[in-house]
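A.B. asks:
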Amino acid sequence: MKKMFSMLSALVITTSLMIGSAMADYRLIIPSPQGTGTSIWGQTVAAELEKYLGEKIIVEHIKGAKGNLGLNTFNEKYKGDKKTIVLAHGGNADAWLIEDVKWSFYDWDPVLIQPYNITTTIKKDFDWQNETLSLADCGGCVPETLAWAVLKGWDNINFIRKMSPGAAKQAWLRGEFNYIREPVSRHIKNTLPMVESGEAVRLFNHGLFTMKGFKEDPNWPDTPSMTKLYEETFGEKPSGDIYDAYVLATVWREGMQKGLYMHKGANTKQVTKAFKKMMKNKESREYLESKLGQYPMYFGKDAHKVLDRLYSYVTKDSLKALVDFASEKMQWSTAVYVESKAK
Amino acid sequence: MEIFFVLLLGVLWGLALGIIPTAGPSTALLTGFAFVPHFYNDPYLAIIFYTGMVAACTTGDTWSSILLGIPGSSSSAATVLDGYPLAKQGKATYALSAAFTSSTLNGLFWGSLVFFLMPVYAKLLLLFGIPELLALNILAFVCVIFLTQNRIMLGFVGLAIGLVLGYVGIDENYGPRLTFGWQYLEDGINIMIMAAGLFAMPEIVDMVAGKSKLQKIQGDFKQVFDGIKVTFKNWYISFRGGAIGAIVGALPGVHGIVADWLGYAQAKAHNKDEEFGNGNIKGVIGPEGANNSVHASSFVPTVVFGIPGTPFAAVILAIFYLLNFNLGSVELQSDTKFYEFLAVGYIGGTILVGILCLLLARPITYILRVPTKLYAFIIAALIIWSCYQVTHTYNDILILIICSVIGLLSKTLHINRPAMLLGFILFEKIEALTYQTVGLYNVSTLIQRPIFLCLVILIGLAICYGIRYINNNVKNKEK
C-alpha cells in the first residue's frame with residue numbers, strides 16, 4: 000500500500016511539473032481544431048509576431064461548439080488577463096449574429112482584422128437557373144446558402160444536412176455535386192485547372208470588403224459578385240429579406256474572416272506596435288502574404304474602424320431576417336434573435 | 000540527414016516501447032503524442048517519425064513475447080506459444096533471429112506493396128460515392144463484430160457504447176447532445192484520450208500486475224544464422240502468414256490481433272504431424288510474418304477511407320489530423336510527398352529496426368531486466384501528459400480516468416473494445432453519410448450502383464460467415 004501510494008504521488012508530482020512547465024507569457028486561444036485553416040493562420044501569425052513582441056506566444060486550441068467553447072473560455076477564464084489574445088474567424092462572426100452566445104465582439108478590443116473572399120464554381124454543364132441544386136449544409140456556409148437562395152429560390156434547392164466542406168468537395172470531385180465553394184488559395188490549388196480546361200466555370204464570389212463597403216474583388220476580374228451576377232441575369236437589383244440576410248451574413252463572415260482580439264484594458268498597444276513593426280519588415284510581410292494570401296490586414300485604429308463598419312450593417316430587420324432564415328430554412332434550433340445586438 | 004535523424008528517433012522510441020511488455024504501437028504513439036507541436040513547421044517529418052515508430056514497435060514487441068513469455072503487444076500474442084518454450088530451451092537467439100527475419104521480410108514485402116502503391120489505392124476514393132462510403136463504414140462495423148471474436152453480443156454491446164460515446168458533443172444546428180451541462184463535452188470526447196483509456200491504460204495495469212521470469216539470451220552467432228536460415232527454408236509459412244496479415248489488415252475495422260493467430264493456425268494446419276506449443280520454430284515464423292504485414296496493410300483503409308483498421312491506426316488518424324493530413328480526404332490524393340514520406344517511414348523503419356535488433360540483441364535485454372512496474376509509471380506519466388495537451392485543462396485528465404474505467408471494465412467483462420473504439424470514431428461519419436445518402440439518393444438510384452451492391456453483399460456474407468464460424472466453434476466445444 001505504501002509502495003502504491005509513493006508511486007501514485009510520484010506520478011502526480013511528475014505530471015504536475017510537466018504541466019506547470021507549459022505556463023508562459025502571451026497566450027493565443029484558437030477556437031478551432033489544429034490543422035484547420037484558422038489554426039494554421041493563427042500559428043503562422045503567432046510564430047512571426049513573437050519575433051517583434053519579444054515574448055513567447057503559447058498557442059492553445061480550444062475547439063468545439065462552432066468555436067463557442069474557445070471564445071467562452073477567453074471571455075470567462077481569461078477575463079481581465081492582459082496577455083491573452085483570441086482568434087475569431089468568419090464562422091464565429093456568423094454564430095454571434097445567429098445564436099445567443101455568451102460572448103460578444105462588443106466587449107473586446109480588435110487588434111487585427113483580415114477580410115477574405117470565397118468563390119463559387121459550378122460544373123460547365125450545370126444549368127444553375129433551371130436544375131435543382133443539391134446544397135451542402137456546412138457550418139460556415141451560411142453566406143453561400145443565402146446566395147443560392149437569392150439566385151434560385153429556396154424551393155429549387157435540395158438542402159443536404161451534415162455535409163462538411165470537405166465532404167462537399169469530395170462529392171464535387173465524384174460528380175455528386177454541381178458546385179464547390181472555396182477560399183481563393185484552395186481554388187487556385189484545386190479547381191483553377193478545371194476552370195482553365197473548360198470543365199468548370201467560376202460563377203460568383205462575395206466581393207471584397209473594404210472600409211467603404213463591398214466591392215468587386217480585383218483578384219477575380221472575370222468573376223462577378225453574387226449581387227452583380229443577379230443583376231446581369233435578372234436585369235434588376237436583388238432585394239428582399241433573404242438578400243438583406245445575405246448581405247449581413249456575408250459582410251460579417253468575409254469582413255472579419257480572421258481577427259485577433261484582446262480584453263479591454265489589455266496590452267493591446269504593445270501587440271499592435273509589434274504588428275506594425277512586423278508588417279513594416281519586407282521579409283516578414285512577404286512571408287505572411289505567401290502563407291496567408293494577399294488580403295489586407297487592418298490593425299490598431301484601422302481594426303476598430305472595420306469593426307465599427309461591420310456593426311453598421313447589423314440592423315434589426317436584417318438580423319431578424321438572418322435568424323429567421325437560419326431557423327426556418329436551415330433548421331438551426333440554436334438560432335435566436337437577440338435584439339440588443341442590432342444598432 | 001534530418002530525415003534519417005527523425006527516423007532514427009522514431010525507431011528508437013517505437014523499439015523501446017515495443018520491447019516493454021504489453022506496450023504496443025498504440026501506447027508508443029500515445030506517449031509520443033506530445034511531440035506533435037514540434038513538427039508543425041515541417042509536418043512531413045512527423046509522418047516519418049510516427050510511421051517509423053509503428054514499424055519499429057511492430058518488430059520490437061517480439062522481444063518480450065520470446066524472452067518473457069508476455070506478449071509485446073496484443074498482435075504478437077501467438078508468438079509466445081512456441082517462442083517462449085524455445086527461449087527456455089536456450090534457443091532464444093535462434094527464435095529471435097527467425098522472428099525478426101520473418102517479420103522484417105514480410106514488413107518489407109507487404110509494406111512496399113502497401114506504401115509504394117498507396118497513391119493508386121487512394122484513387123479508389125473517387126470511385127466510392129456517398130452510399131458506397133456509408134456501406135463501407137457499415138462493413139467495418141460488421142467485420143469488427145462478427146469476425147474478431149466469438150461473442151457477438153459483446154461485440155454489439157461494445158459498438159453500442161462506442162456509438163453513444165461518439166454521440167456526445169454538439170450538433171452544430173441542434174445544440175448539445177449528452178453533455179449534461181458540462182461545457183468541455185460540447186467538443187466531444189477526444190480520440191486520443193478515448194484510445195488511451197480503452198487500450199493503453201488497461202495495458203499499464205497489466206504491466207503492474209504482470210509477473211514473469213526473463214530468459215537469458217544464450218548462444219552465439221550460429222543461432223542468429225540458423226534463425227535466418229530456417230526462415231528462408233520455411234519461407235512459404237512466413238509468406239502465407241504475411242499474406243494473411245495483409246488481408247486482415249486491409250479489411251476496414253478488423254482488429255489486428257486475429258492476424259497473428261491466423262498466421263499461427265496456418266503454420267500448424269500445414270504441419271499437422273508436428274508438435275506445436277513446445278518450441279516449434281514454425282510457430283514463431285508464421286505469426287511473426289503476419290504481425291508486421293497486418294500493421295502495414297491496415298494503413299490502407301486508414302489513409303484511403305479514414306476508417307482505422309486497428310487501435311493504433313485510430314491514434315495515427317488523430318495525430319495526422321492535427322498535422323493537417325486529413326486521412327480519407329481527397330486533398331491527400333494529390334499530395335505525393337505525403338505518400339513518399341509514409342513509405343520512407345515504414346520501410347526505412349522496418350530496415351533500421353531489423354538491423355538494430357540483430358546488432359543490439361544483448362543490450363536490448365537490459366531493458367527487459369528492469370521491472371515492468373517502473374515502465375508502467377513512466378508510460379502512465381507520458382500518457383497523462385499527452386492527454387493533457389488536448390485542451391490543457393484538467394478536464395482532459397478527468398475524461399481519461401472515465402475512459403480508463405470503461406476500458407478496464409470492458410476488458411474484464413470481455414466487451415469488444417475495438418468495436419467500441421470504431422463505433423466511437425465512425426459515429427459522426429455514419430450519421431453524416433446517412434443524412435447525405437437519404438438526401439441525394441433513393442432506392443431506384445441505389446440499385447444502379449454496382450460497388451454499393453457489392454458492398455451490401457459483402458456485409459451479408461460477413462454476417463453469415465461470422466454466425467457460421469461461431470456456431471461451429473460452439474459445436475466443437477460441446478463435442
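Here the protein sequences come in this chain order: A and B. Residue numbering for the first sequence follows numbering that gives the first Met the number 0, starting at 0 and increasing by one per position. Residue numbering for the second sequence follows numbering that gives the first Met the number 0, starting at 0 and increasing by one per position. For each residue, glycine too, the CB sits at the ideal point set by N, CA and C.
(1) Can you give me, in chain order, the residues of the stretch 317-329 of chain B that have a beta carbon less than 7 angstroms from any beta carbon in chain A?
(2) Give the residues of chain A in contact with T78(B), contact being defined as C-beta atoms less than 9 angstroms apart.
(3) At least one CB of chain A closer than 8 angstroms to the CB of G196(B): is that the case?
(4) For a test of the three-state rule: what should DSSP assign to C140(A), helix, strand or coil?
(5) Any beta carbon of chain A sitting closer than 8 angstroms to that of G165(B)?
(6) Measuring straight from C-alpha to C-alpha, what distance separates L381(B) and V293(B)?
(7) At a Cβ threshold of 8 angstroms, is I315(B) touching chain A?
(8) Determine whether the beta carbon atoms of T50(B) and G344(B) lie at a separation below 8 angstroms.
(9) What three-state label does DSSP hand L322(B) in the structure shown?
(10) Assign F158(A) to one of three DSSP states: helix, strand, or coil.
(11) In the structure shown, what three-state DSSP assignment does W109(B) receive?
(12) Whose C-beta lies closer than 6 angstroms to the C-beta of L247(A) among residues of the same chain, with five residues either side of it excluded?
(13) Do L29(B) and M482(B) count as a contact pair if the criterion is CB distance below 8 angstroms?
(14) Measure how close the beta-carbons of L421(B) and V143(B) come, nearest whole angstrom, since I'm counting them as under 8 angstroms.
(15) Under a Cβ-count criterion, where at least 16 other Cβ atoms within 10 Å of its own Cβ denotes burial, should N40(B) be classed as buried or exposed?
(16) Per DSSP, which residues does A87(A) bridge with? Please list them.
(17) Note the first and the last residue of the continuous alpha helix (DSSP H) segment covering V313(A).
(18) Along the chain, where does the beta strand (DSSP E) that runs through V200(A) open and close?
(19) With DSSP as the reference, label V335(A) as helix, strand or coil.
(20) May I ask which residues mark the beginning and end of the beta strand (DSSP E) holding R176(B)?
(21) How do the stretch 240-249 of chain B and the stretch 285-299 of chain B stand: do at least 3 beta-carbon pairs fall below 8 angstroms, yes or no?
(22) If we define contact as Cβ-Cβ less than 8 angstroms, is A92(A) a contact residue for chain B?
(23) Check whether the stretch 13-25 of chain B and the stretch 117-127 of chain A are in contact - that is, three or more C-beta pairs closer than 8 angstroms.
(24) In the DSSP assignment, what residue or residues form a beta bridge with L111(A)?
(25) Which chain B residues sit within Cβ distance under 9 angstroms of K65(A)?
(26) In chain order, what are the residue ranges of uninterrupted alpha helix (DSSP H) at least 4 long that sit wholly in the stretch 93-174 of chain B?
(27) In whole angstroms, give me the CA-to-CA distance for Y464(B) and F145(B).
(28) Could you name the residues of the same chain whose beta carbon sits closer than 7 angstroms to that of I318(B), not counting the 5 residues immediately before and after it, in chain order?
(29) Is N71(A) close to chain D, meaning its C-beta is less than 8 angstroms from at least one C-beta of that chain?
(30) Going by CA-CA distance only, name the one from K263(A), A87(A), K50(A) that's closest to N67(A).
(31) Is L172(A) closer than 8 angstroms to K151(A) when the C-beta atoms are compared?
(32) Under a Cβ-count criterion, where at least 16 other Cβ atoms within 10 Å of its own Cβ denotes burial, should R252(A) be classed as buried or exposed?
(33) Where S332(A) and L177(B) are concerned, what is the direct C-alpha to C-alpha distance, given to the nearest angstrom?
(34) Can you list the alpha helix (DSSP H) stretches of 4 or more residues lying completely in the stretch 42-81 of chain B, in chain order?
(35) Please state whether the Cβ-Cβ distance between Y77(A) and E54(A) is less than 8 angstroms.
(36) Who are the neighbours of G68(B) on chain A, taking C-beta pairs under 8 angstroms?
C.D. replies: So, from the data block:
(1) Residues of the stretch 317-329 of chain B with a C-beta less than 7 angstroms from any C-beta of chain A: Y320, L321, L322, N323, N325, S328, V329, listed in chain order.
(2) Near T78(B) there are no residues of chain A at all, since even the closest Cβ is about 30 angstroms away, more than 9 angstroms.
(3) For G196(B), the answer is no, since every Cβ of chain A falls outside 8 angstroms of its Cβ.
(4) Reduced to three states, the DSSP call for C140(A) is coil.
(5) Judged by the 8 angstroms Cβ criterion, G165(B) is not in contact with chain A.
(6) Cα-Cα distance, rounded: 27 angstroms.
(7) No, no contact with chain A.
(8) Taking a C-beta distance under 8 angstroms as the contact criterion, T50(B) and G344(B) qualify as a contact pair.
(9) In this structure, L322(B) counts as coil in the three-state DSSP scheme.
(10) In the structure shown, the three-state DSSP call for F158(A) is strand.
(11) Collapsing the DSSP output to three states places W109(B) in a helix.
(12) Here the set comprises Y312, S317, L321.
(13) Outside the modelled stretch of chain B, which goes from 0 to 478, sits residue 482(B), for which no answer is possible.
(14) At roughly 5 angstroms, the Cβ-Cβ gap stays under 8 angstroms, so L421(B) and V143(B) are in contact.
(15) N40(B) comes out exposed.
(16) DSSP, once it has assigned bridges, lists G258(A) as partnering A87(A).
(17) Careful: V313(A) lies outside any alpha helix (DSSP H) and carries neither H nor E.
(18) From DSSP, the beta strand (DSSP E) with V200(A) extends over 199-204.
(19) In the three-state DSSP reduction, V335(A) falls in the coil class, being neither helix nor strand.
(20) Start and end: 174-176.
(21) Touching, yes.
(22) No, because no Cβ of chain B sits closer than 8 angstroms to the Cβ of A92(A).
(23) No, they do not touch.
(24) L259(A), F298(A).
(25) Ordered by position in chain B, the residues that pass the 9 angstroms Cβ test against K65(A) are I169, E171.
(26) 117-121, 123-126, 129-145, 151-166, all fully within the stretch 93-174 of chain B.
(27) Cα to Cα, the separation comes out at about 8 angstroms.
(28) By the criterion of a C-beta distance shorter than 7 angstroms, I318(B) is surrounded in its chain by L28, F32, V35, Y49, once the five residues flanking it on both sides are discounted.
(29) Given the protein chain composition of this structure (A and B), no chain D is represented.
(30) Ranking K263(A), A87(A), K50(A) by Cα distance to N67(A) puts A87(A) first.
(31) 8 angstroms or more divides the Cβ of K151(A) from the Cβ of L172(A).
(32) Per the 10 Å Cβ criterion, buried.
(33) The alpha-carbon atoms of S332(A) and L177(B) are separated by roughly 16 angstroms.
(34) You should have 42-59, 61-66.
(35) No. Outside cutoff.
(36) Under a criterion of Cβ atoms nearer than 8 angstroms, no residue of chain A is adjacent to G68(B); the nearest Cβ is some 25 angstroms distant.
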